[in-house]
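Some notes on the structure that comes next.
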Amino acid sequence: MSSSQKPALVLYHGAWHKESMWNVLRNHLHNYDVHTLQNPSSANVPPSQLGDLYDDARAMREKVLSIDGPVVVVAHSYGGAPATEGLAGLGDKVKRILYLHAFMPDVGESLVTANRGLDWWWGTNIVDQGAYEMLHAERIFYSDFEPMAAEMAAADLTPHSVKSFEQPITKAAWREIPSSYVIGEQDHAVPKEAREFMATRAQHIYRVDSGHSSFISQPDRIARFIHEEYLRLDA
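The sequence shown begins at 109 in the working numbering and counts up one residue at a time.
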C-alpha cells in the first residue's frame with residue numbers, strides 16, 4: 109500500500125489529556141497522514157465548561173467526516189468510549205479501530221460499568237464543578253517512565269468531566285467496524301480482568317509489556333502495531 113493509498117490516521121486521546129500527548133508517537137509515523145483532536149471533556153477550560161461523552165463522540169464523528177477519504181482510528185483509554193459511540197454507522201468511512209489500552213464498551217455500558225464492577229477508581233471527584241482531578245498519575249498512567257518524565261507528564265493533565273464517565277453508550281461501532289485491541293501487561297489504569305474481557309470484543313489482540321501510556325514509553329512498538337493494522341486492510 110503506497111502512502112497515497114493509505115487511509116488517514118486519527119489519534120484520539122483519553123481522559124485528562126491533551127491532543128499534544130501524541131507528539132512522541134507522531135515522530136514515528138512519518139509515512140502517515142496523521143490527525144488529532146481535543147476532547148471537549150478534557151479541554152483546557154474551566155471545569156464547568158467541560159463537555160460530556162456525547163460531546164466527545166460528536167467531535168470525533170465530525171473530525172472523521174471532515175477528512176477526505178477513509179480513515180483508521182487509534183483510541184486511547186477513555187477515548188475508546190466516545191469513539192465507540194461516535195463512529196457507529198461509519199463503516200464505509202472508518203476501516204479499522206485500534207483500541208489502545210482503551211475502554212471498549214457495549215451498548216448500555218458506561219465507562220464505570222465497563223470495568224465489570226471492579227474497584228478501579230483513582231481520581232478525586234470535584235462534584236461542585238462537575239470535574240475529576242487526576243491523582244497519582246505518575247503511578248497509574250506513567251508507571252514505566254523515568255520519575256522526572258512521569259512528573260512532567262502528570263503536570264500537563266487537565267480536569268475531566270464527571271458526566272462522561274457515567275453516560276451509557278447507545279451505539280457500538282466495533283460491532284460493525286473491524287477492531288483490534290492493545291493490552292498493556294503492566295497497565296495500572298484499566299483493571300486486568302476488564303481489559304482482558306473487553307479485548308475479546310476485538311478481532312485481533314496485541315500485547316506489550318508496558319504501562320498505560322505505551323505511545324510515549326514504547327512509541328516504536330505502537331507504531332509497528334499501527335503499521336500491522338494497515339496491512340490488515342489488504343488481508
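Idealized CB from N, CA, C, for every residue including glycine. Given the structure is predicted, the values throughout are model-derived calculations rather than measurements.
Bridge partners - Thr144, DSSP secondary structure assignment: Beta-bridge partners assigned by DSSP to Thr144: Leu119.
CB-CB length for Gly249 against Ser321, believed under 8 Å: Note on residue identity: the sequence assigns Phe, not Gly, to residue 249. Going by Cβ atoms, the distance from Phe249 to Ser321 rounds to 5 Å, so yes, they are a contact pair.
Cβ contact (3+ pairs, closer than 8 Å) linking the segment 239-254 and the segment 292-308: A contact between stretches requires three or more CB pairs, one per stretch, nearer than 8 Å, and the segment 239-254 meets this requirement with the segment 292-308.
Spatial distance of Arg309 from Thr221 (CA atoms): Their backbone Cα atoms lie some 16 Å apart in a straight line.
Inter-residue CB distance, Leu145 and Tyr120 (contact presumed, cutoff 8 Å): Indeed they touch by this definition, with Cβ atoms about 7 Å apart.
Given 8 Å, three or more beta-carbon pairs between the segment 194-214 and the segment 134-148: With a cut-off of 8 Å, the segment 134-148 and the segment 194-214 do not count as touching, because too few Cβ pairs lie within range.
C-alpha gap between Ser174 and Thr266, whole angstroms: Here the C-alpha atom of Ser174 lies approximately 26 Å from the C-alpha atom of Thr266.
Of the residues Ala263, His268, Val215 and Ala258, the one placed nearest Trp124, counting alpha carbons only: Among Ala263, His268, Val215 and Ala258, the Cα nearest to that of Trp124 belongs to His268.
Beta-ladder partner(s) of Ile205, from DSSP: Ile205 pairs with Val181 and Ser287.
Rounded C-alpha distance that separates Val298 from Ala116: Each residue's alpha carbon lies about 28 Å from the other.
Ile330 versus Val182, Asp176, Pro286 and Glu246, residue with shortest Cα-Cα distance: That would be Val182, whose Cα lies nearest to the Cα of Ile330.
Leu226 (DSSP reduced to helix, strand or coil): The predicted model places Leu226 with a pLDDT of 46, which falls under 50 and marks its position as unreliable; any figure quoted below should be read in that light. The answer is coil: DSSP assigns Leu226 none of H, G, I, E or B.
Beta-bridge pairing of Tyr162 - partner residues as DSSP gives them: Looking at the DSSP output, Tyr162 shares a beta bridge with no other residue.
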